[in-house]
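Colleague:
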Amino acid sequence: MGQPHPRDEADAGKPPLGIGMVGYAFMGAAHSQGWRTVGRVFDLPSRPVLAAVCGRDGQAVRAMAERHGWAAAETDWRALIARDDVDVVDICTPGDSHAEIAVAALAAGKHVLCEKPLANTVEEAEAMAAAGEQAYRQGRLTMVGFNYRRLPATSLARRMVREGRLGTLRHVRVTYLQDWLVDPEFPLTWRLRREVAGSGALGDLGAHIVDLAQYLAGEPLAGVSALTETFVRERPLPGGTTGGLAAVSAGGLGTVTVDDAALFTARFASGALATFEASRFATGRKNSLRIELNGERGSLAFDLERLNELAYHDHTEPLAHAGFRRILVTEPDHPYLEAWWPPGHGLGYEHTFVHQARDLVHAIAANHRPEPSFADGLQVQRVLAAVEESAAKNSVYTPVVV
Ligand code: SOE
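Position one of the sequence shown corresponds to residue 1 (the UniProt record's numbering), numbered consecutively onward.
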């Protein structure tokens, strides 16, 4: 064992906050990083302790626990939520188990952080939000893992919109594009099965951009008009995942039961118009999330591939020298950055999970409902359901007369 970390000594007097995580793949690794790092960077009111991680494959989950610093490994989530050393249950499993685990964990008196999308159906999300409301009255909190809110640049954009720098909003334009499904030989992993994932690009990517758009605009969407498509309808059956999104096939074919892409237009309650595009078939786009907001007084644009920057146009400036300029979001008074590196030393994807952990730890100490809570996650779920309903009706689709 090496020397104790100075921060460990400083934190020794703080009350422990035991974290129990269910699921240990891609998101589990990302959340582990967040929990492991948060107390070493931020001054927190309590001391997050990586108490236990849970997964069905005992050998794999023990290896994960060892690698990421979890004190114990469990193979049954019910055993995890029954543990006295677990205060927060962090759900990183596919959507089909979110509702059951979250409702049980809240009933067991735990705080719950749940990966997005909140659930696979509106009904499940309603049950989770109702359980969250009841638990809130007993001082237990819920949060959904819409991590892209927790970047300094997106948080700064929210602050600028709230300050009125864009004035009345007219447009929000969002795309979230990936290309890992382009190969028709890519196997039918759980993200392509409706009974496990709920939906495809819509729930996986569309949920993020619906949340981000509503968060930045500061208001909910009132209605949508949508098109969805499944480009490759049959794929080889999977033989196992090989890290991240990658997988190998086992032979034989199965049916894809989710969308590969979802496109929709939408109207905010205020009348602002929005367009959304979520796709896993955008060749060359790996994890490309872009959002632009246009208001009467100015515009803001964010690109996840340049995540330490915002583009800002101030339309109240003399037009002779107005235009988009780059804000480098690395100053100590930018959101989350007081604790990180000197100006100019940027952050990355993984830091969103550190910030998510920070915000939840503070919310628990203050008994303040965190945002987004399960109630907010339910609202996003309703938007996703409206998109599916609209796409099923093809309501936007007026054939071109020839
Ligand atoms: C896969 O499409 C994925 O990992 C999503 O599930 C995450 O939510 C997103 O942040 C990155 O892409």
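Each residue gets a CB set at the ideal place from its N, CA and C atoms; glycine is no exception.
1. Beta-carbon separation of Ala51 and Val86 under 8 Å?
2. Could you tell me the distance, in whole angstroms, from the CA atom of Arg290 to the CA atom of Leu253?
3. So, do the stretch 373-388 and the stretch 210-219 have three or more beta carbon pairs nearer to each other than 8 Å?
4. Near Thr37, what residues of its chain come up, given a Cβ to Cβ distance below 7 Å and the 5 sequence neighbours on each side ignored?
5. Less than 8 Å separating the beta-carbons of Ala391 and Thr228?
6. Please classify Glu350 as buried or exposed, where buried requires at least 16 other C-beta atoms within 10 Å of its C-beta.
7. Tell me the rounded alpha-carbon separation between Tyr397 and Arg67.
8. Which residue comes first and which comes last in the beta strand (DSSP E) that contains Phe276?
9. Please find out if some non-hydrogen atom of the ligand SOE comes closer than 7 Å to the beta-carbon of residue 448.
10. Would you report the Cα separation of Glu124 and Thr316, rounded to the nearest angstrom?
11. Does the beta-carbon of Asn394, which I'm using as the reference point, lie nearer than 7 Å to any heavy atom of the ligand SOE?
12. Residues bridged to Met143 by DSSP?
13. Could you check what DSSP says for Ala73 in three-state terms: helix, strand or coil?
14. For Leu384, count neighbouring Cβ atoms within 10 angstroms of its own Cβ and tell me buried if that reaches 16, exposed if not.
15. Measure the alpha-carbon distance for Gly95 versus Pro187 and round it to whole angstroms.
16. Determine the DSSP secondary structure at Asp87, reduced to helix, strand or coil.
17. Taking Cβ to Cβ, would you say Ala274 is nearer than 8 Å to Leu221?
18. Mind checking Arg193: buried by the 16 CB within 10 Å criterion, or exposed?
19. Quick check on Tyr397: does DSSP put it in helix, strand or coil?
20. Cα-Cα, which of Tyr136, Val258, Pro238 and Thr242 is closest to residue 422?
21. Taking the beta strand (DSSP E) that Ala108 falls in, what are its first and last residues?
22. Taking 8 Å as the cut-off, decide whether the C-beta atoms of Val61 and Gly55 are in contact.
23. Using the beta-carbon count (16 or more within 10 Å), is Pro343 buried or exposed?
24. Consult DSSP for Thr37 and reduce its assignment to one of helix, strand or coil.
25. The ligand SOE heavy atoms versus the CB of Leu245: any closer than 7 Å?
26. Given this structure, state the Cα-to-Cα distance separating Asn287 from Asp179, to the nearest angstrom.
Modeller: This is what the structure gives:
1. Position 51 of the sequence shown, counting from 1, holds the residue named residue 51. Position 86 of the sequence shown, counting from 1, holds the residue named residue 86. For Ala51 and Val86, yes; Cβs fall inside 8 Å.
2. Within the sequence shown, the letter at position 290 stands for residue 290. Within the sequence shown, the letter at position 253 stands for residue 253. If you draw a straight line from the Cα of Arg290 to the Cα of Leu253, it comes to about 35 Å.
3. yes
4. Position 37 of the sequence shown, counting from 1, holds the residue named residue 37. Correct list, in chain order: Val354.
5. Residue numbering aside, residue 391 sits at position 391 when the sequence shown is read from its first letter. Residue numbering aside, residue 228 sits at position 228 when the sequence shown is read from its first letter. Yes, Cβ-Cβ distance for Ala391 and Thr228 is below 8 Å.
6. Residue mapping note: residue 350 aligns to position 350 of the sequence shown, counting from 1. Exposed, because fewer than 16 other Cβ atoms sit within 10 Å of the Cβ of Glu350.
7. Locating residue 397 in the sequence shown gives position 397, counting from the first residue. Locating residue 67 in the sequence shown gives position 67, counting from the first residue. Each residue's Cα considered, the two are about 50 Å apart.
8. Looking up residue 276 in the sequence shown gives position 276. Start and end: Leu273 to Ser279.
9. Nothing can be reported for residue 448: it is not among the residues displayed for the chain, which extend from 1 to 402.
10. The residue labelled residue 124 in the question sits at position 124 within the sequence shown. The residue labelled residue 316 in the question sits at position 316 within the sequence shown. So the alpha carbons of these two residues sit roughly 46 Å apart.
11. Taking the first residue of the sequence shown as 1, we reach residue 394 at position 394. No, the ligand SOE has no heavy atom inside 7 Å of this Cβ.
12. On the sequence shown, position 143 is the one that residue 143 refers to. Per DSSP, Leu113.
13. Numbered from its first residue, the sequence shown carries residue 73 at position 73. Ala73: strand per DSSP, three-state reduction.
14. Here residue 384 is taken as the residue at index 384 of the sequence shown, counted from 1. Buried: at least 16 other Cβ atoms inside 10 Å.
15. Translated into positions along the sequence shown, residue 95 becomes position 95. Translated into positions along the sequence shown, residue 187 becomes position 187. Approximately 19 Å, taken between the alpha carbons.
16. The residue labelled residue 87 in the question sits at position 87 within the sequence shown. DSSP places Asp87 in the coil class of the three-state scheme, outside both helix and strand.
17. If you number the sequence shown from 1, residue 274 lands on position 274. If you number the sequence shown from 1, residue 221 lands on position 221. The answer is yes: Cβ separation under 8 Å.
18. Counted from its first residue, the sequence shown places residue 193 at position 193. Buried is the call here.
19. Along the sequence shown, one-based indexing puts residue 397 at 397. DSSP places Tyr397 in coil when its eight states are reduced to three.
20. The shown model of the chain, from 1 to 402, leaves out residue 422, and the question about it has no answer.
21. The count along the sequence shown starts at 1 and reaches residue 108 at position 108. Element bounds for Ala108: n/a, residue is neither H nor E.
22. By 1-based counting over the sequence shown, the position of residue 61 is 61. By 1-based counting over the sequence shown, the position of residue 55 is 55. Result yes, Cβ atoms of Val61 and Gly55 sit closer than 8 Å.
23. Stepping through the sequence shown from its first residue, residue 343 is reached at position 343. The residue in question, Pro343, is exposed, as its Cβ has fewer than 16 Cβ neighbours within 10 Å.
24. Here the question's residue 37 lines up with position 37 in the sequence shown. In the three-state DSSP reduction, Thr37 falls in the helix class (H, G or I).
25. Start at 1 with the first residue of the sequence shown, and residue 245 comes out as number 245. Yes.
26. Here residue 287 is taken as the residue at index 287 of the sequence shown, counted from 1. Here residue 179 is taken as the residue at index 179 of the sequence shown, counted from 1. So the two alpha carbons sit approximately 8 Å from each other.
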